[in-house]
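A.B. asks: Protein chains in written order, with this note's numbering: chain V, 1 to 93; chain L, 1001 to 1156.
All C-beta atoms, glycine included, are put in the ideal place defined by N, C-alpha and C.
Sharing a structure here in structure tokens format.
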Amino acid sequence: MPVPVRIPTPLRRFTGDRAEVSVEAAEISSVLDRLFEEYPGLRSHLLNEDRTLRAFVNIYVNDEDIRFLDGLKTPVGDGDSVSIVPAIAGGAR
Amino acid sequence: MPERSEVRFDRAVLEDIARAASTAYPYEGCGALLGERGHVRVTLPLPNTEKGSPRVRFEVSSGDYLRVEREADAQGLRLLGFWHSHPDHPARPSVTDRARAWEGLLTVIVSVQEGQARDIGAWEIHGRELPFELVEIESPGFSSALVTTLWREGEK
Chain V
1 MPVPVRIPTP LRRFTGDRAE VSVEAAEISS VLDRLFEEYP GLRSHLLNED RTLRAFVNIY
61 VNDEDIRFLD GLKTPVGDGD SVSIVPAIAG GAR
Chain L
1001 MPERSEVRFD RAVLEDIARA ASTAYPYEGC GALLGERGHV RVTLPLPNTE KGSPRVRFEV
1061 SSGDYLRVER EADAQGLRLL GFWHSHPDHP ARPSVTDRAR AWEGLLTVIV SVQEGQARDI
1121 GAWEIHGREL PFELVEIESP GFSSALVTTL WREGEK
């Protein structure tokens, strides 16, 4: 079953301004691979060279941060939705 | 030399930001900026979820990020960026601000001095390794020197 993936505004320039795309995949790692096949510009914004998730990028399966699940190996299936969320922060110091 | 970018703020948005930033003092306040490309029409104040040093840092929770982005999509608007305040610090980006900036989202900073919003600036990046570029703020009746007057009027 296709899994819907929510694309955050700052990365929509790589998806033709689409807010949501659907991919066929059974775990987050393959969700990302399918995304990169279609939208290669996303890769360097989501993964490091060693294929770990970049700092300040969060991926959620439904309401759960994958860092608290099985990371990139987190399974996805029927009825799940994936959200890519930029970590927004900063400050005077 | 490329032309400097501009962003237009509706006057009511500047007043809403000033009010929220002043209310948050002495902590950093923050909020989302919604509108059309180059034109901020609405700000949604957000809780600063930074736990460690909320006087000099801010953080937007993932839940709040998703909520405002969905709100923008539902209203046919675009999430243009986020503002945050610098209590008793200038309206200029810090090293932390630069490190945490996202290309495609405006970084807007409000200086709050002794509880009063005093100044505002907007920045954007065009490449992960490149420095911030200043974005000119356009607003009816707005100029940097007029901000304090404008904002004080808004609080009456």
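1) Shortest alpha-carbon distance to residue 971 of chain L belongs to which of L:1137, L:1056, L:1101, L:1064?
2) Once the 5 residues before and after residue 1117 of chain L are set aside, which same chain residues still bring their CB inside 6 Å of it?
3) For the segment 26-42 of chain V, enumerate the residues whose C-beta is nearer than 8 Å to any C-beta of chain L, in chain order.
4) Could you name the residues of the segment 42-65 of chain V whose beta carbon sits closer than 9 Å to any beta carbon of chain L, in the order they occur along the chain?
5) Of all the CB atoms in chain L, is at least one closer than 8 Å to the CB of residue 81 of chain V?
6) Is the CB-CB distance between residue 6 of chain V and residue 19 of chain V below 8 Å?
7) Spell out a yes or no on whether the segment 19-33 of chain V and the segment 70-77 of chain V are touching, meaning 3 or more CB-CB pairs, one atom from each, closer than 8 Å.
8) Please list, in chain order, all residues of the same chain as residue 1004 of chain L whose beta carbon is under 8 Å from its beta carbon, the five residues on each side excluded.
9) What would DSSP say about residue 55 of chain V, mapped onto helix, strand or coil?
10) Does any C-beta atom of chain V lie closer than 8 Å to the C-beta of residue 1065 of chain L?
11) Are the CB atoms of residue 1031 of chain L and residue 13 of chain V within a distance shorter than 8 Å?
12) Excluding the 5 residues flanking residue 1090 of chain L on each side, which residues of the same chain have their C-beta closer than 6 Å to its C-beta?
13) Taking Cβ-Cβ distances shorter than 7 Å, what residues in chain L pair up with residue 76 of chain V?
14) If the cut-off is 8 Å on Cβ atoms, which residues from the segment 1101-1113 of chain L count as contacting chain V, listed in chain order?
15) Can you find a CB in chain L that lies within less than 8 Å of the CB of residue 88 of chain V?
16) Check residue 7 of chain V in the structure and name its three-state DSSP category.
17) What does the alpha-carbon distance come out to for the pair residue 83 of chain V and residue 1011 of chain L?
18) What are the boundary residues of the alpha helix (DSSP H) that residue 1063 of chain L is part of?
19) If distances are taken between C-alpha atoms only, which option among L:1009, L:1078, L:1058 comes closest to residue 11 of chain V?
C.D. replies: Let me lay it out:
1) Any answer about residue 971 of chain L is impossible in this case: the structure gives chain L only from 1001 up to 1156.
2) Here residue 1117 of chain L corresponds to residue number 117 of the second sequence, with the count starting at 1. The residues are 1018, 1021, 1022, 1110, 1151.
3) For the segment 26-42 of chain V, the set of residues with a beta-carbon nearer than 8 Å to any beta-carbon of chain L is empty.
4) Across the segment 42-65 of chain V, CB contacts with chain L closer than 9 Å involve 44, 45, 56, 58, 60, 63, 65, in sequence order along the chain.
5) The residue you call residue 81 of chain V lines up with position 81 of the first sequence. Closer than 8 Å: no.
6) By one-based count along the first sequence, residue 6 of chain V stands at place 6. By one-based count along the first sequence, residue 19 of chain V stands at place 19. Against a cut-off of 8 Å, the Cβ pair of residue 19 of chain V and residue 6 of chain V comes out as a contact.
7) Here the segment 19-33 of chain V lies against the segment 70-77 of chain V, with 3 or more beta-carbon pairs under 8 Å apart.
8) Along the second sequence, one-based indexing puts residue 1004 of chain L at 4. Within the same chain, residue 1004 of chain L has close Cβ partners 1133, 1134, 1135, 1136.
9) The count along the first sequence starts at 1 and reaches residue 55 of chain V at position 55. Coil, per DSSP.
10) Position 65 of the second sequence, counted from the first residue, corresponds to residue 1065 of chain L. For residue 1065 of chain L, the nearest CB of chain V lies under 8 Å from its own CB, placing it at the interface with that chain.
11) Walking along the first sequence from the start, residue 13 of chain V turns up at place 13. Walking along the second sequence from the start, residue 1031 of chain L turns up at place 31. Cβ distance not < 8 Å, so residue 13 of chain V and residue 1031 of chain L don't count as in contact.
12) Along the second sequence, read from residue 1 onward, the residue named residue 1090 of chain L stands at position 90. If you ignore the 5 residues before and after residue 1090 of chain L, its C-beta comes within less than 6 Å of the C-beta of 1111, all in its own chain and listed in chain order.
13) Numbered from 1 along the first sequence, position 76 holds the residue referred to as residue 76 of chain V. For residue 76 of chain V, no chain L residue has a Cβ inside 7 Å of its Cβ, as the nearest lies near 17 Å away.
14) Cβ contacts with chain V come from 1101, 1102, 1103, 1104, 1105, 1107.
15) Numbered from its first residue, the first sequence carries residue 88 of chain V at position 88. By this cut-off, residue 88 of chain V is an interface position.
16) Sequence index remark: in the first sequence, residue 7 of chain V carries index 7 (1-based). In the structure shown, residue 7 of chain V sits in coil (DSSP, three-state: anything other than H, G, I, E or B).
17) Position 83 of the first sequence holds residue 83 of chain V. Position 11 of the second sequence holds residue 1011 of chain L. Cα atoms of residue 83 of chain V and residue 1011 of chain L: separation of roughly 33 Å, rounded to the nearest angstrom.
18) One-based indexing of the second sequence puts residue 1063 of chain L at position 63. Run containing residue 1063 of chain L: 1062-1074, per the alpha helix (DSSP H) assignment.
19) Indexing the first sequence from 1 puts residue 11 of chain V at position 11. For the residues L:1009, L:1078, L:1058, the minimum Cα distance to residue 11 of chain V belongs to L:1078.
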